[in-house]
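Report on one structure; see the data block that follows.
There are 2 protein chains.
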Amino acid sequence: MLELTKDYLEKLERAIEAGKDDELRRELVELHPADIAEIFDELEGEQNSYLYRLLPKDLGADVLVELDDDLRDKLLSSLTSREIAREVLDRIDSDDAADMISELPEQKIEEIISHIEDEAQASDLIDLLNYEEGTAGALMAKELVKVNQNWTVSQCIREMRRQAADIEHVYTIYVVDDQEKLLGKLSLKKLFFGSPTTRSLIKDIYNQRELQAVLPEDDVETVVKIMEKYDLVALPVINEAGQLLGRITFDDAMDVLREESDKDYQLASGISEDVESDDSVWMLTRARLPWLLIGMAGGITGAYVIGAFDIEKNPGMALFIPLIAAMGGNVGVQSAAIVVQGLANKSVKTDQIAKRLMKELGVGLLNGLICAAIILLASMVLSFGTALSLTVSIALLAVIVFAALFGTFIPLVLDKYNIDAALATGPFITTANDIIGLIIYFLVGGMISTMF
Amino acid sequence: MLELTKDYLEKLERAIEAGKDDELRRELVELHPADIAEIFDELEGEQNSYLYRLLPKDLGADVLVELDDDLRDKLLSSLTSREIAREVLDRIDSDDAADMISELPEQKIEEIISHIEDEAQASDLIDLLNYEEGTAGALMAKELVKVNQNWTVSQCIREMRRQAADIEHVYTIYVVDDQEKLLGKLSLKKLFFGSPTTRSLIKDIYNQRELQAVLPEDDVETVVKIMEKYDLVALPVINEAGQLLGRITFDDAMDVLREESDKDYQLASGISEDVESDDSVWMLTRARLPWLLIGMAGGITGAYVIGAFDIEKNPGMALFIPLIAAMGGNVGVQSAAIVVQGLANKSVKTDQIAKRLMKELGVGLLNGLICAAIILLASMVLSFGTALSLTVSIALLAVIVFAALFGTFIPLVLDKYNIDAALATGPFITTANDIIGLIIYFLVGGMISTMF
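Protein chains in written order, with this note's numbering: chain A, -4 to 447; chain B, -4 to 447.
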């Protein structure tokens, strides 16, 4: 793995300035495209264009595949439609090709496709561009090796050789019938190491069991789930008629898994757009503003709640406002997080709402009793007075139990209506629990103060 | 993919009660081990033991690999050491075997190993058990196909056939020299589809470039990072001398990625142990208590802060306590989350603390100014009075800027000292920012009140 040191980058920059093309080319062709992409990430736009022009076309295309979207778009904009079609798209997998141009203006896409020489390739690409983002269809590649069940082993090997020429990695060989219907997988191991006779028919040696496949409209989370569960290196995509359309490979599944987990993490942290630490100040600000606005709306509502309970008469109540608000939010987030994860790995089912709430009631009561006991003891010892200590303790128990139930209930309901439950863990639950916690606190305070 | 319906499970349960062994066996052998594991997850312990005994040994062993730890341990405890050695471990991959018994008591492990017949297998297992959890060594399997660079193609194919017999998936063929030193990979595609002559030497056809490998002590996050970056289906593990020790496959990398992301998500949500929604009430409570205790300690500190500023003289200040506390916490969590993710995918480097803080200052100022302007306008319109409106607005700006810097700084420092930065996003940042936010708020309030 290449270590991108400062020294190394400076050496490259000096070579670029000095125009040492041969030296640079010799250096770059030894690198993995993913490493070159990392270098591009550290250099300036002009330096990248310079280096890109030095790369052999195949390597250049592979580097484009590895680049971040914005860097790639910059480099692509310096190429003509014809260059993109013949020097880039022609040299990469169909799924990468579709990804690369899918965000371009409609007209530019058509122009690029018109320059593709191979008709089958063009129609594959058009096909892939039609699938919605987030579906199996948008993730799949058209490149795969398939053989007919009626072929003999030697026919099959001949055909495989021909097909494999265009494919970088042959993970799985798919067996189809005369109607292109997917029947099963042929194990390379069985084919080459099991030494079947060359005249055996494929239908007698392929594996008919354990065939998992998805439809192009299935969502990517389902794809990842299936590939994880069955440890699949590639997953075939079929249409309603069972015909083989393409395949999704493990590396795409890993990318999806990484993206989904980043997204959930950001949502839980109150970040509403997919941002990275090296995005612009304005993008980072914009991604963070929505939660802050929700938080402010909650804060103003909180001011009204406190105002309504006439804090002037009992100003001591103010002391524990932060505690009550914080605990409501914390418990709510914890409960929601467990449900969200359970939903993500399908261990929680939405039809078990009642059961789940009963259990959460138990957890809430247990946590609530422990916390209430501790705070009662602590505030008595710290001489906050009996009335206030009792108020805080009782209110805390109620707030924790309520927040636990609320934090469980909301994501389950969201999921039932097909809304991303991860939305619930961040701003919404915290803010709502803050306010409801305050109401409970002042209600309990009002009751207790009449007793003393 | 098997749909586990209620009907299906009930049918199985009835068949178990009626002792319809043949029918059950016929049903189960058609299923994928991962599906059987899912069934076991839904049934009772006794039903599982019953079904397990019905399974052919190979399938039974595969099901054990797929099971959750606690279910597996229950089933294993009903087997003798000899049965575990000969009917389970002998039939699964070395990495799964090591996982399966690594948590058992030392003595039981030794007993099991003493029953393993194949000495090489036993020593592989002992070897794997020695690596610390969370390292590449603990993740790797010993099963792989390797060939010597000096062999001819036909010799190589003969050897590969022999080696592959014991290996479920042959993803990569490794090329070594006479000292077992890893030299490169041999592409199956080149070997079978490239049609080299049978007398070609391996050293003339294998791929010497692009060889990624890790040491057994490298941590699993590095492993996942490399496999993601280079889209590797398998990653070789070598020792300091460069000798090939084992390989890590993509499915293990995906499992690690899933676990790490679950862990980070839980930490960010204030859950301190790895729990799942179907764990016991007590385990769920215990995992959530630490954050709640930190939150309470913060709340009590907050009470002292408010008490110190003599709220009785200016009780209106109480109204916006929730707003200030919530906003400090929110901004801190947002900032920390972006740094934590940046650290995780290596786009943030710890040596750039100053640069990162400058940028965060920009984001904080921008967010702070927007929020301060909104709250000033809102609280004036809502007639909270000039002094209070000014106080909240100025304090909010200061709190947001401070929380943004603090939320960025803490995870960077933690990472510098090799502490998991994800720890920072949950309880710690929120609670600290709550308190510091309150202090800022009351300081600003004190100054403003002297002016009016």
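For every residue, glycine included, the Cβ atom is placed at its ideal position computed from N, Cα and C.
| Check | Outcome |
| --- | --- |
| Under 8 Å between C-beta atoms of B/V387 and B/I414 | no |
| Min CB distance A/S272 to chain B below 8 Å | yes |
| Beta-carbon proximity check, A/V328 vs A/T425, cutoff 8 Å | yes |
| Residue range of the unbroken alpha helix (DSSP H) whose run includes B/G132 | A131 to L134 |
| N- and C-terminal bounds of the beta strand (DSSP E) containing A/V170 | I168 to V171 |
| Best match in A/R156, A/V218 and A/V148 for proximity to A/T130 [C-alpha to C-alpha] | A/V218 |
| Neighbour flag for B/V165 against chain A, beta carbons, 8 Å | yes |
| Minimum Cβ-Cβ distance from B/R20 to chain A less than 8 Å | no |
| DSSP-derived helix/strand/coil call for A/R67 | helix |
| Helix, strand or coil at B/V228 according to DSSP, with G and I counted as helix | coil |
| Between the CA atoms of B/A32 and B/I434 - distance to the nearest angstrom | 54 Å |
| 8 Å Cβ cut-off: residues of chain C touching A/N325 | Included in the structure are the protein chains A and B, with no chain C among them. |
| Residues of the segment 359 to 370 of chain B whose Cβ lies closer than 8 Å to any Cβ of chain A, in chain order | L361, N362, I365, C366, I369 and I370 |
| Test: B/A320 CB closer than 8 Å to a CB of chain A | yes |
| Residue-level contact to chain B via CB, A/L433, 8 Å cutoff | yes |
| For B/L38, the three-state DSSP class (helix, strand or coil) | coil |
| Same chain, Cβ closer than 8 Å to B/G62, neighbours up to 5 away in sequence not counted | Rather than Gly, the amino acid found at residue 62 of chain B in this sequence is Leu. Here the set comprises A32, F35, D36 and L70. |
| Against chain A: residues of the segment 110 to 123 of chain B by CB proximity under 9 Å | none |
| Euclidean distance between Cα positions of A/D246 and B/I96 | 30 Å |
| 8 Å Cβ cut-off: residues of chain B touching A/T386 | Those do not exist, as A/T386 stays about 12 Å from chain B at its closest Cβ, beyond 8 Å. |
| is_contact[A/M249, chain B] using C-beta, thresh 8 Å | yes |
| Beta-carbon contacts of A/L318 that lie in its chain and below 8 Å, excluding the five residues immediately before and after | I370, V387 and L391 |
| Sufficient close CB pairs (3 or more, under 8 Å) joining the segment 195 to 214 of chain B to the segment 135 to 145 of chain B | yes |
| B/D88 - DSSP class collapsed to helix/strand/coil | coil |
| Proximal chain B residues relative to A/G55, where beta-carbon distance stays under 8 Å | None at all; the shortest Cβ gap to chain B is about 17 Å. |
| Closer than 8 Å to chain A by CB, B/T147 | no |
| A/S89 versus A/S73, A/R67 and A/D57, residue with shortest Cα-Cα distance | A/D57 |
| Distance, B/Y126 Cα to B/D448 Cα | One cannot answer for residue 448 of chain B here, as it falls past the ends of chain B, which runs -4 to 447. |
| Inter-residue Cα distance where the pair is A/R242 and A/D213 | 13 Å |
| Residues near A/I110 in its chain [Cβ-Cβ closer than 7 Å; skip 5 each side] | The sequence shown places His at residue 110 of chain A, not Ile. S76, R77, A80 and R81. |
| Residue-level contact to chain A via CB, B/R153, 8 Å cutoff | no |
| CA nearest to the CA of A/Y169, picked from A/M353, A/P422 and A/N202 | A/N202 |
| Burial state of A/S275 (16 or more Cβ within 10 Å) | exposed |
| C-beta neighbour in chain A for B/E(-2), strict 8 Å | no |
| A/T244: first and last residue of the uninterrupted beta strand (DSSP E) it sits in | L239 to T244 |
| Option in B/M375, B/A332, B/S374 and B/E(-2) with minimal Cα separation from B/F401 | B/A332 |
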